[in-house]
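The structure appears right after this line, and notes come after that.
There are 2 protein chains.
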Amino acid sequence: MNNQKLITPRKLQGFWELMPKQQMLFSSLLNRIEEVFKANCFLPLDTPILEYSEALLAKSGGETDKQVFRFLKGDTDMCMRYDLTVPLARFVSMHKNELSFPFKRFQIGKVYRGERPQKGRFRELYQCDADIIGNETLSEVADAECINLFEKCFNALNLDVNILVSNRKILAGFIQDINFEEKSTEIFIVLDKLAKIPYEDAMKQLIEIGLSKTECEKLIALTKTNGTFKEVKKSISNLCQNEIFQKGLEELENTFKYLEILGNNSIVCDLSIIRGHNYYTGTVFEGFLKNSEYTGAVGGGGRFENLCSYFSDTKMPGVGMSVGITRLFDVLLAENYFDLSQANEIECAVVTFDETFEAGLKLVSKLRQNDIKAESFYENKSFKSQMKEANRRQVKYVLIVGEDEVKTGNYTLKNMTTGEQISLELNQIIEHLKDDRMASAMPNNNN
Amino acid sequence: MNNQKLITPRKLQGFWELMPKQQMLFSSLLNRIEEVFKANCFLPLDTPILEYSEALLAKSGGETDKQVFRFLKGDTDMCMRYDLTVPLARFVSMHKNELSFPFKRFQIGKVYRGERPQKGRFRELYQCDADIIGNETLSEVADAECINLFEKCFNALNLDVNILVSNRKILAGFIQDINFEEKSTEIFIVLDKLAKIPYEDAMKQLIEIGLSKTECEKLIALTKTNGTFKEVKKSISNLCQNEIFQKGLEELENTFKYLEILGNNSIVCDLSIIRGHNYYTGTVFEGFLKNSEYTGAVGGGGRFENLCSYFSDTKMPGVGMSVGITRLFDVLLAENYFDLSQANEIECAVVTFDETFEAGLKLVSKLRQNDIKAESFYENKSFKSQMKEANRRQVKYVLIVGEDEVKTGNYTLKNMTTGEQISLELNQIIEHLKDDRMASAMPNNNN
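Given below as C-alpha cells:
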C-alpha cells in the first residue's frame, strides 16, 4: 500500500468547507433559524438534492441551464438543485391532495451553482427558506408573516438588519401606464441595478429601450421613493390610476397593516427593491446588515402568483423568504464578528497520572452522563503533557485526578482562565460547571 | 404561461422523500443523535457533497466506480460522495497540521449510491458518522468510546439494540496460521455471508478456495463463538499462537475493559461480525434492533489502521461508528413505531369571527412571542370552517376569540381531545399550554 503514488488531498474549487470550530458556530446559526421556523408553525421538508432535469429546468430557460450541475446516469437526465423553490413546487404539485393549505414549509439545505469558480461566489451554498403556499388564494397575512419571520431569523442571530419592502405591481403598473408593458422585463433589469450603476448609464439604457427622458426621470424617481408606508402612499397614490399600480399599493397597504399587527413597526417601504428573479409578482423584500461593510442583501423574498404553473393547472400563489446564510456567515467571519476561542467542544478535561488513568476515564464517563462535555487526553501519557494539551486547546476547566483525589473523592477543579483551584466532590463539580455554563450564556454578563 | 404543456411532477426513482409529519420525526431523530455526538466532545464537519473523482475513488477500484454519481463539469471529473469516510480522510490529510489529535469529528449528511433503483435500496441516504482519528497511534480507549457512543445514539432514540463486537485480527490471524493469508479477502467474503447462506454452501465455497474440511469446520466454529468477552477468551485463547490472532485478542480485551469503565456492561463479543468493508483492520461492531422483524444491522463501525494512506505518508489510525438512520427510520415507519398524529406543528389554533380577525392575529403573535406554536387559519373565513380545519389538522387546543372575549381579555381555550373549555387570560393560557406540553413530554405519563 505504501508503494502506491499518493494523491494530493484537495477539495473542489469554489466549494465551501469550514474548520471544525467555525462549523460549530455555523451549525448553531442554522439551528437557531430552524427553531424560529418551527416556532412559527412551518413544517420541515427535505427534498432530494437531485431532480429530473425536465422538472428542475422547466421554468428557467438557457441561462440557468448552464449554471447547473447536470448529467446523465444511464438514460436519466438529472440535475443538482440550484434553489429550494423549484423542488418545493414539484413536491406541492405531487402531493396537493394530501397537504393542508396554506401549506407552510421550511427547508434548510444546500443548493448548487455550476458556474465557473470565482472569488466570492459559492458553487455549494446553504439556503434557509420558508414559504407559504395557498390553494387558489392567499391573503396578505402570509406576506406579512414571511417578512415577520425574516426579521425573527435575524433577531435569533443577534444581527441588526434593515428590511426594505416593496410590491412589484407598483412599478409594473407604472410601466404599463406609459405603454411599455412588453418591455417590462428589460426595464426591470435596468431598475434592478440602479444602485450599482451611475444615474446617467441607467438613463441611457432606459432611453435605448424607448422611454422618453421625462418617463425615465419619473420612473427612476418612483423607485427612489421610500419611508414609512404612509409616507410612500401619500407621495405616490395620485401618480397614476393604472389598475395594477393601485392593486400593488393596496396589497402593500394590507401587508404593512398585518406587519403592524404582528409587531413589526420599523420595517421600511422602499420601491427600489426589485429582487431580481422574475417570478416575483407582488410583495418583494430584502434585508441588509446594519453594522457591516457588506452592502449586498443577506436575504429576502416575495410573492409569486403561481408556484406550480409548470406542473399543475391549479393556481397556487405563494410567498416566501430566504436567508443567504453561507454569504452571511462568510461576511461575519471576514469581519471577525465571532470569538472563535469561545467555541469549544470540551468543557472540562480530566487530567490523570498513570495510576489514576482508569479512575479518570470513569469520571469522564460520569461527567458526560451528567451532561458535562468532559474529555480525557488519553494519547498524552504524562500529567504535564495532558495539562499542556488542555492549555493548547483552550479548555476552560481541568479536573485533576491524583491518587489522593481518588481515595478521598475530592477532586481539584482548576479554572484555566483565572488559575483558581477548588477541591470538590463529583456532584459539586457538576453543579459548578453547570452554573458557570449558565452564567456564560446569560446576555450582558460581565464575566 | 397556461398554454404551455404541463410537466408531470416526479421525484427521481430510489430517492427518499418524507411527508412533512414524517420529516418532523426524522429531523428530531437526527437532532438527538447530533446532541449525543456533541455531548461526547465530537466536533462537527460538513464537507461538500461533491469531490474530485481522483480523491473519492482512490481506494475503491472498479466496483464503487460504477456505483457513484460521477460526471464532468468543464474539465473537472467529479463525484457525489458515497460515504462520509473518504471525505474525512481527504479533510484530515489537508489539515493535519491545524487539527488536534485524537481528532474527534461527527458528520450527519447525505451520501449517494449510483446503483440501479430497486426496492429497499436508497440512492440518497443519511449517515450519522462519528470517528476518532489518531496521529501515528490511537489507544483502544477510542474503540471503546465509539462503541459507547453507538449505544448512546440508540438510547437517545429510545431503541433497544444488541451490539456485537469482534476484532478482525482474530480471524485474520487464524487464516494466516493455516497459511491462507493470500486468500484472506475471498475467505472473509464467504465468512461475511455465513448468516445468509446454508452451512453446506459456505463449506463448499471455502473448500473451493483451498481449505481442508477440518480447517473449514474450525474456522466456521471460530466465527460462531460468542458470549461475554471472558467466555470467548476462555474458549479460544489456546486455539492458535499466531501473533496477529493474539494481538486481536489483546485489543479486544482492552476494548472490553474500557467499555466496562465507560459503563457498558451488556455488550456481547461475537466473532461472526466481519462488517464487509475491507478497510477495517481491528475492532468491528454492529447493532441489531431487539424488537423488530428487521434482522439486518442498523449501523456499526470499526477500526482502520490508516485512514489517510492514499493521501499522506503519516500513519493515521482511526475508529468510527455510523448509524444507518435512513434504513432505520424506514424500518420503524414500516413497523408503525411512531404515532404520527402526535407530530403536530401547531399547538394552538386561534379561531375568530370577522370582527375579531385582527385581534386574533395579534394574539397569535403574542403567543408565538411566548414560545407557543400558535396559528391562525386566515384562509378560512367563517368560525365554523376554522373549527373544522382545526379538527381536520388534529390540533389539540383551540382559542376562541369572540367580541366579548376581546373586550374582557378572557378567552375560551378548548381542548379538542376532551372537549373541555376554560376561560382564561392570555398569561394563564400560555402557562396552561406550557404545562400541558411538559406533561406530554414526561416519560411514562398516563395522559
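Chains A and B, in that order, give the protein sequences.
Heads up: the first sequence runs through residues 1049 to 1495, numbered per the working numbering.
Heads up: the second sequence runs through residues 1049 to 1495, numbered per the working numbering.
Built from N, CA and C at the ideal position, the CB exists for glycine as well.
Since this is a predicted model, take the numbers as computed values, not measurements.
The alpha helix (DSSP H) enclosing residue i, as first and last residue numbers
{"i": "T1456/B", "result": "1451–1456"}
{"i": "V1189/A", "result": "1188–1204"}
{"i": "V1134/B", "result": "1133–1142"}
{"i": "K1410/B", "result": "1405–1417"}
{"i": "E1083/B", "result": "1068–1087"}
{"i": "F1431/A", "result": "1431–1440"}
{"i": "L1060/B", "result": "Here L1060/B belongs to no alpha helix (DSSP H), and DSSP marks it neither H nor E."}
{"i": "E1102/B", "result": "1101–1104"}
Spatial distance of residue i from residue j (CA atoms)
{"i": "A1496/B", "j": "Y1358/B", "result": "Here chain B comprises residues numbered 1049 to 1495, so residue 1496/B is not present and cannot be evaluated."}
{"i": "G1110/A", "j": "Q1224/A", "result": "The pLDDT assigned to G1110/A is 46, lower than 50, so where the model puts this residue is not dependable, and the model offers no usable value."}
{"i": "T1133/A", "j": "G1366/B", "result": "40 Å"}
{"i": "Q1476/B", "j": "N1418/B", "result": "12 Å"}
{"i": "L1411/B", "j": "F1431/A", "result": "59 Å"}
{"i": "C1288/A", "j": "Q1294/A", "result": "8 Å"}
{"i": "I1235/A", "j": "I1257/A", "result": "8 Å"}
{"i": "E1083/A", "j": "L1376/B", "result": "25 Å"}
{"i": "H1480/A", "j": "S1471/A", "result": "11 Å"}
{"i": "E1230/A", "j": "K1266/A", "result": "19 Å"}
{"i": "G1168/B", "j": "S1148/A", "result": "29 Å"}
{"i": "L1212/B", "j": "F1304/B", "result": "11 Å"}
{"i": "L1105/B", "j": "L1173/B", "result": "19 Å"}
{"i": "S1214/A", "j": "F1202/A", "result": "20 Å"}
{"i": "F1405/B", "j": "M1072/A", "result": "43 Å"}
{"i": "G1457/A", "j": "D1483/A", "result": "21 Å"}
{"i": "D1016/A", "j": "E1395/A", "result": "Outside the shown range of chain A, which is 1049 to 1495, sits residue 1016/A, and nothing can be said about it."}
{"i": "D1318/A", "j": "V1209/A", "result": "14 Å"}
{"i": "N1428/B", "j": "Q1070/B", "result": "26 Å"}
{"i": "A1178/A", "j": "I1448/B", "result": "28 Å"}
{"i": "Q1115/B", "j": "R1171/B", "result": "9 Å"}
{"i": "V1346/B", "j": "P1068/A", "result": "27 Å"}
{"i": "T1276/A", "j": "N1227/A", "result": "29 Å"}
{"i": "F1154/A", "j": "F1085/A", "result": "7 Å"}
{"i": "C1356/B", "j": "L1186/B", "result": "14 Å"}
Cβ shell of residue i (< 8 Å), same chain only, five flanking positions each side left out
{"i": "G1348/A", "result": "F1198, I1321, R1323, V1332, F1333, E1334, G1335, M1369, S1370"}
{"i": "E1221/A", "result": "A small fix is needed here, since residue 1221/A is Gly in this sequence, not Glu. Correct list, in chain order: C1288, N1290, E1291, I1292, F1293, Q1294, K1295, G1296."}
{"i": "E1308/B", "result": "none"}
{"i": "S1232/A", "result": "A1220, I1223, Q1224"}
{"i": "G1311/B", "result": "N1196"}
Cutoff 7 Å; reference residue i; Cβ partners in own chain excluding five residues on either side
{"i": "S1285/A", "result": "L1297"}
{"i": "K1414/A", "result": "L1474"}
{"i": "Y1306/A", "result": "E1188, V1189, A1192"}
Residue range of the beta strand (DSSP E) that includes residue i
{"i": "N1215/B", "result": "1209–1215"}
{"i": "Q1469/A", "result": "1469–1473"}
{"i": "S1370/A", "result": "1366–1371"}
{"i": "I1156/A", "result": "1151–1160"}
{"i": "L1173/A", "result": "1172–1181"}
{"i": "E1423/A", "result": "1422–1424"}
{"i": "M1126/A", "result": "1124–1128"}
{"i": "D1164/A", "result": "Checking the sequence, you will find Arg at residue 1164/A rather than Asp. Note, R1164/A: premise wrong, no beta strand (DSSP E); not H, not E."}
{"i": "R1118/B", "result": "1118–1121"}
{"i": "T1460/B", "result": "1459–1463"}
Own chain, CB closer than 6 Å to residue i, minus 5 neighbours either side, in chain order
{"i": "L1254/B", "result": "V1238, C1264"}
{"i": "C1176/B", "result": "I1081, I1156, V1371, I1373"}
{"i": "F1151/B", "result": "I1181"}
{"i": "A1103/B", "result": "R1138"}
{"i": "D1131/A", "result": "V1159"}
{"i": "G1350/B", "result": "R1323, Y1328, T1331, V1332"}
Under 8 Å, with one C-beta from each stretch per pair, do the region 1156–1163 of chain B and the region 1189–1203 of chain B reach the 3-pair mark? no
Quick one: any contact between the region 1053–1070 of chain B and the region 1091–1111 of chain A, if contact means 3 or more CB pairs under 8 Å? yes
Any 3 or more C-beta pairs closer than 8 Å across the region 1389–1397 of chain B and the region 1442–1454 of chain B: yes
Mind listing, in chain order, the continuous alpha helix (DSSP H) runs of no fewer than 4 residues lying wholly within the region 1207–1290 of chain A? 1216–1225, 1232–1240, 1247–1257, 1261–1271, 1277–1284
In chain order, what are the residue ranges of uninterrupted beta strand (DSSP E) at least 3 long that sit wholly in the region 1306–1378 of chain B? 1316–1318, 1331–1337, 1347–1352, 1366–1371
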